[in-house]
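Visitor: Mapping of the sequence shown onto this note's numbering: residues 285 to 783, in sequence order.
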Amino acid sequence: MDRYPGARCDVESMEYSYAFSPELEQEWESTERYATQPEILSYINHVADRFDLRKDMQFSTRVVSAHFVEASPDVADEKAERVPHWRVTTDAGETLTASFCVMATGCLSSANTPDFAGLDSVAGEVYHTSQWPHEGVEISGKRVGVIGTGSSGVQSIPLIAAEADRLTVFQRTPNYSIPAQNRPLDPETQAEVKANYASIRKQNRARTAAFGINWGRNQGETFKWSVEERHAIFERYWEMGGLGFISAFSDMLLDEEANKEAADFVRGKLGEIVRDPKRAELLSPDHVLGCKRPCADTQYFEAFNRDNVDLIDVNAEPIERFTPTGMICGGREVELDCVVLATGFDAMTGALHAIDIQGRAGQSLIEKWSAGPVTFLGLGSSGFPNFFTITGPGSPSVLANMVTAIEQHVEWIADCLEFMSKKGHRLIEAAPDAEQAWVEHVNAVADETLYPQCNSWYLGANVPGKPRVFMPHVGFPPYVAKCEEVVAKGYEGFNFSST
Ligand code: NA7
């Protein structure tokens, strides 16, 4: 879990919560509009305790492999495996067997650490933002380098800048960021949400990303409004804060000209905040707004007005290598006591591929997904029976409120297991034609939008050598409708079998 300074969710705290228990909804108190990492962790711990879940959990264990063991037809052989199952091994040397394997390994949990020359030789401290020490890091008085300007960089930079002696930000791609307009949650707002939770959840589930009820309906197409009106609307959404900005108009992620209007507005704001015009220019993104995940910040661009903050464009001054005392980039040395890698994740597939997963006939998942992940509904993959992926590639996952996406998958899988038990089905497996059609559908839906237009982690473009395939499904409601249709048609697209 991200623990870096300033780590916060970009979905509002009262929406970024479980819906399965009305009692839980009523008793939990959020303190801010956007929850901090420690508050989210307290919430998760509270849920674990409240529902007595720890007794079913094994902590501090890394799964090394998960192999599907097929039933041996040779019943005369004493060692024959009569019932197909999954055999899971752990780094503690245990071997466990299970009828089903449900991978809840997370979409953004496998750190992406670029292969920088000399990184091991750094005498000072080196931290990846997603592996921040639990005890925290003493920043004050140090010369710190932050590499990366995605959400982790954008959230941590203002806090690191305020503590460090000197901060150097190494930027490869400038990012759009909208002020989060974070604030304490007042008791009235909290009470109102709690009084209407069921209706709020329902309305959110009908929204494309399954969150954002406070943003209201979008304003329709951009160009039906005059320049002044458009500007006033952008201003209103900017003041509202956070990711809602990219939903101001219905066509912002569909139409390049509409997108450019919004992008120009953000660039203009940035130009007003950052005093040095050269620096503002360097911080100005030129890609399609929203095709890389935009950030929700607190005083990000303001940090670049500080005297102790430097900005290096690594396209102009490439990172050559690290040294014991810092880094050589663009032919000069930048001395650093502490290196912060805010370089993101091997998203969606990284955590799965870190485990040796083998399906039927010993086929590895890495091999099967060598040209990109192939799933039906992001829930299952042919050749891997009784193997489910929670928020797997091909499902809304990172393009939706993750908590809602997770709950929808958990409920779908739980219902499926109950159905199988009632019907006496032993195995369920995605059908090859259904998953092929699904992969094409996911890409066709993405192709109708501007999402595929930049080098984002949605496409795997941030990890060298990773196949470039758009992984999340755009749109929560149509996805849920498809999942429900599949069930209504007797799990159409999945095959049941006994061996
Ligand atoms: P992101 O959004 O993937 O950002 C990673 C940043 O690191 C991004 O600016 C990258 O530039 C940069 N990066 C990655 N590799 C390099 C190398 N080799 N050299 C220089 N810069 C590099 O990850 P985050 O952790 O910030 O956020 C991930 C999600 O977590 C976020 O969207 C929220 O949903 C929560 P690039 O843009 O690839 O040029």
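The C-beta atom is built at its ideal place from N, Cα and C for all residues, glycine as well.
Since residue 779 is in the beta strand (DSSP E), which residue starts that stretch and which ends it?
Guide: Here the beta strand (DSSP E) through residue 779 covers 778-781.
Visitor: Confirm, please, whether the CB-CB distance from residue 678 to residue 722 is below 8 angstroms.
Guide: Their beta carbons are under 8 angstroms apart, which means residue 722 touches residue 678 by this criterion.
Visitor: Tell me which same chain residues have a C-beta within less than 7 angstroms of the C-beta of residue 676, skipping the five on either side of it?
Guide: Here the set comprises 659, 662, 663.
Visitor: In the DSSP assignment, the beta strand (DSSP E) including residue 474 goes from what residue to what residue?
Guide: From DSSP, residue 474 is part of no beta strand (DSSP E) but of the alpha helix (DSSP H) over 471-479.
Visitor: Can you round the beta-carbon distance between residue 759 and residue 750 to whole angstroms, since I take them to be within the 8 angstroms contact cut?
Guide: Going by Cβ atoms, the distance from residue 759 to residue 750 rounds to 24 angstroms, so no, they are not a contact pair.
Visitor: On the premise that residue 690 lies in contact with residue 674, defined as a C-beta separation below 8 angstroms, what is that separation, rounded to the nearest angstrom?
Guide: Between residue 690 and residue 674 the Cβ distance is about 6 angstroms, and since that is below 8 angstroms, they are a contact.
Visitor: Please state whether the Cβ-Cβ distance between residue 595 and residue 439 is less than 8 angstroms.
Guide: No, these two residues do not count as a Cβ contact at 8 angstroms.
Visitor: To test your reading of the DSSP string, which unbroken alpha helix (DSSP H) runs of 4 or more residues are found completely within the segment 647-731?
Guide: Counting whole runs of 4 or more residues, the segment 647-731 contains the alpha helix (DSSP H) stretches 649-652, 686-707, 716-731.
Visitor: Taking the C-alpha atoms as reference points, what is the distance between residue 707 and residue 372?
Guide: Spanning the two alpha carbons is a distance of roughly 26 angstroms.
Visitor: Could you check whether the Cβ of residue 626 sits closer than 7 angstroms to any heavy atom belonging to ligand 1?
Guide: At least one heavy atom of ligand 1 is nearer than 7 angstroms to the Cβ of residue 626, so yes.
Visitor: Taking residue 609 and residue 407 to be in contact with their CB atoms under 8 angstroms, please state how far apart those CB atoms are, rounded to whole angstroms.
Guide: 7 angstroms between Cβ atoms; contact.
Visitor: Determine whether the beta carbon atoms of residue 588 and residue 400 lie at a separation below 8 angstroms.
Guide: Contact flag unset, no.
Visitor: Let me know the secondary structure DSSP gives residue 292 once reduced to three states.
Guide: In the structure shown, residue 292 sits in a strand (DSSP, three-state: E or B).
Visitor: Please report how far the alpha carbon of residue 667 lies from the alpha carbon of residue 643, in whole angstroms.
Guide: Roughly 6 angstroms separates the two Cα atoms.
Visitor: For the alpha helix (DSSP H) holding residue 522, just list the boundary residues, first then last.
Guide: Start and end: 511-524.
Visitor: Any heavy atom of ligand 1 closer than 7 angstroms to the beta-carbon of residue 685?
Guide: No, ligand 1 has no heavy atom inside 7 angstroms of this Cβ.
Visitor: Is the segment 532-545 touching the segment 464-475, taking contact as three or more C-beta pairs under 8 angstroms?
Guide: Segments in contact, no.
Visitor: In three-state DSSP terms, what is residue 330?
Guide: Note: residue 330 maps to helix in three-state DSSP.
Visitor: Quick check: the segment 491-508 against the segment 292-308, are there 3 or more CB pairs under 8 angstroms?
Guide: Contact between the segment 491-508 and the segment 292-308 is present, because at least three Cβ pairs lie under 8 angstroms.
Visitor: For residue 466, is the beta carbon positioned less than 7 angstroms from some heavy atom of ligand 1?
Guide: Because no heavy atom of ligand 1 lies under 7 angstroms away, the Cβ of residue 466 does not count as near it: no.
Visitor: For residue 279, which residues does DSSP report across the bridge?
Guide: No information on residue 279 is available, as it lies outside the stretch 285 to 783 that the chain covers here.
Visitor: When you compare the CB of residue 485 with every CB in chain C, is at least one pair closer than 8 angstroms?
Guide: Of the protein chains in the structure, only one exists, and it is not chain C.
Visitor: May I ask which residues mark the beginning and end of the alpha helix (DSSP H) holding residue 547?
Guide: First-last of the alpha helix (DSSP H) with residue 547: 540-557.
Visitor: Can you tell me whether residue 629 sits near ligand 1, meaning its C-beta is under 7 angstroms from at least one heavy atom of the ligand?
Guide: Checking every heavy atom of ligand 1 against the Cβ of residue 629, one is found closer than 7 angstroms.
Visitor: The beta strand (DSSP E) that contains residue 584, what's its start and end?
Guide: From DSSP, residue 584 is part of no beta strand (DSSP E) but of the alpha helix (DSSP H) over 584-587.
Visitor: Ligand 1 and residue 614: does any heavy atom of the ligand fall closer than 7 angstroms to the residue's C-beta?
Guide: Flag unset: Cβ of residue 614 not near ligand 1.
Visitor: Quick one, are the C-beta atoms of residue 388 and residue 412 less than 8 angstroms apart?
Guide: No.
Visitor: Is the segment 480-487 close to the segment 543-550, with three or more CB pairs under 8 angstroms?
Guide: No, because fewer than three Cβ pairs between the segment 480-487 and the segment 543-550 fall closer than 8 angstroms, the two stretches do not touch.
Visitor: Taking the C-alpha atoms as reference points, what is the distance between residue 434 and residue 368?
Guide: So the two alpha carbons sit approximately 44 angstroms from each other.
Visitor: Return yes when the Cβ of residue 574 is within less than 8 angstroms of the Cβ of residue 530, no when it is not.
Guide: Closer than 8 angstroms, so yes.
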